[in-house]
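Take the sequence shown: its letters are residues 1 to 348, numbered as in UniProt numbering.
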Amino acid sequence: MQGILPPPEGVIPDFSGGRSALQQQILVSYSALTAASARNPSFDDLFLICSWLGCIAWLGVCIFAFRFGFGHHGWNVTLDKMMGYQQMLVGICIIYAWTPALTKFSLLFLYYRIGTQAWMRIAIYALALLTFGYTLSITIVVVGPCNPQINTAGKCLKDLNLFMAIINILTDFFIILLPLPMLHCLQLRLKQKVLLSLVFTLGSGVIIASIVRIIYVYNYISNPDFTFYQASACIFSVVELNVGVICASMATLKPFLVRHMSCMLSLSGSSEKSKSKSGVLSWLRLSRGQNKSYALGSLDNHEAKPSQNKDDSSIQVSTQFFVTSTEHPLKDSDSTERIIVPDISKDV
């Protein structure tokens, strides 16, 4: 057997093409976990699920392409495997084009639901049309003039791959910046701002992975050992696609965080808010099963205090309030003194 490229000096070609089943095991576990946690999906959830399925399809196609020389050096790839690899490139390019596009549609639908400003709606429509337009154009070009079975030179497909990387970086950048003006106007507490900052930091990871991927794309544009360098670029493609799905899924992680990490989502001012309400609601609470009594002090502007428990030998003083209502009908404009008329007596 002979590879499509001569091996370097001292290198023995290996046509066994060994693979690992670890990816499939992780994939099945991830599929079961996501299917079990999905409930009542909305439109943005449906697009996100489709994008997640695209990640599965992308990983599955890449694993299947290993048998055709994908990820191997050219001197380890036979001519027959090379022909099968060129057929796989069409599916790889189409899946890579539509998977991040579906993630972008999911985020744009989410922004559309929470953003009501006119400028934001216009920006959402513009980004959605731009994403759909270039994704459809890439699909047509891959199937038509850049089809590796027709155009065997490969330069067209390499240039198209570089274009996809650049346009994905630009659209990701604008989508990450889109909700920032809206979030700036919200009254958020410190912990909520920290969590949102983490979400957007994770979103910038998509751009970082895309930039690193461009470096590998440049490497295999002029390198004859393209089967190896394309697989290296696909490593960052997997990171890019999956990080995009994770970023779009952060909005649905609140129930999980509330249950398992509630300390992160607790509001810093909740204790102050509860204290302000306690002065209004404390006299409405009944002390059931407790040896405490409260004096109703809402009419004479003094605070109700619980009586201290004493031993049986001490003298306890209690004040009783009997509240009766007036017999004549009341109007909405009547004062509080007319609504509640206290009849007070003291027992020592």
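Glycine included, each C-beta is placed from N, C-alpha and C at the ideal position. No experiment lies behind these values; they were computed from the predicted model shown.
Euclidean distance between Cα positions of residue i and residue j
i	j	result
residue 58	residue 49	14 Å
residue 91	residue 192	41 Å
residue 63	residue 176	31 Å
residue 246	residue 147	32 Å
residue 51	residue 78	34 Å
residue 169	residue 188	29 Å
residue 239	residue 69	22 Å
residue 226	residue 65	14 Å
residue 54	residue 61	10 Å
residue 102	residue 128	10 Å
residue 120	residue 183	12 Å
residue 136	residue 195	35 Å
residue 161	residue 93	8 Å
residue 243	residue 46	17 Å
residue 142	residue 179	33 Å
residue 107	residue 190	24 Å
residue 105	residue 248	10 Å
residue 167	residue 234	17 Å
residue 158	residue 144	15 Å
residue 218	residue 208	16 Å
residue 230	residue 80	18 Å
residue 67	residue 82	10 Å
residue 228	residue 181	43 Å
residue 95	residue 206	17 Å
residue 241	residue 126	22 Å
residue 163	residue 214	10 Å
residue 42	residue 56	21 Å
Bounding residues of the alpha helix (DSSP H) (the contiguous stretch that carries residue i)
i	result
residue 179	It is not in any alpha helix (DSSP H) - residue 179 carries neither H nor E in the DSSP assignment.
residue 62	43 to 65
residue 187	Careful: residue 187 lies outside any alpha helix (DSSP H) and carries neither H nor E.
residue 87	79 to 114
residue 223	Premise fails: residue 223 is in no alpha helix (DSSP H) and is neither H nor E.
residue 68	Segment: none, residue 68 is in no alpha helix (DSSP H) and carries neither H nor E.
residue 124	118 to 143
Cβ distance (whole Å) where residue i is taken to contact residue j below 8 Å
i	j	result
residue 109	residue 44	4 Å
residue 97	residue 139	6 Å
residue 174	residue 212	Actually they are not in contact, since the Cβ atoms of residue 174 and residue 212 sit about 20 Å apart, beyond 8 Å.
residue 124	residue 134	Wrong, their Cβ atoms sit about 16 Å apart, outside the cutoff.
residue 210	residue 165	6 Å
residue 224	residue 71	That pair is no contact at about 16 Å.
Exposure label - residue i; buried when at least 16 CB within 10 Å
i	result
residue 216	buried
residue 149	exposed
residue 155	exposed
residue 100	buried
residue 122	exposed
residue 76	buried
Interface flag, residue i vs chain C, CB-CB below 8 Å
i	result
residue 137	Absent from the structure is chain C; it holds one protein chain and no more.
Within the chosen definition, does the stretch 74 to 87 reach the stretch 115 to 132 through at least 3 CB pairs nearer than 8 Å?
no
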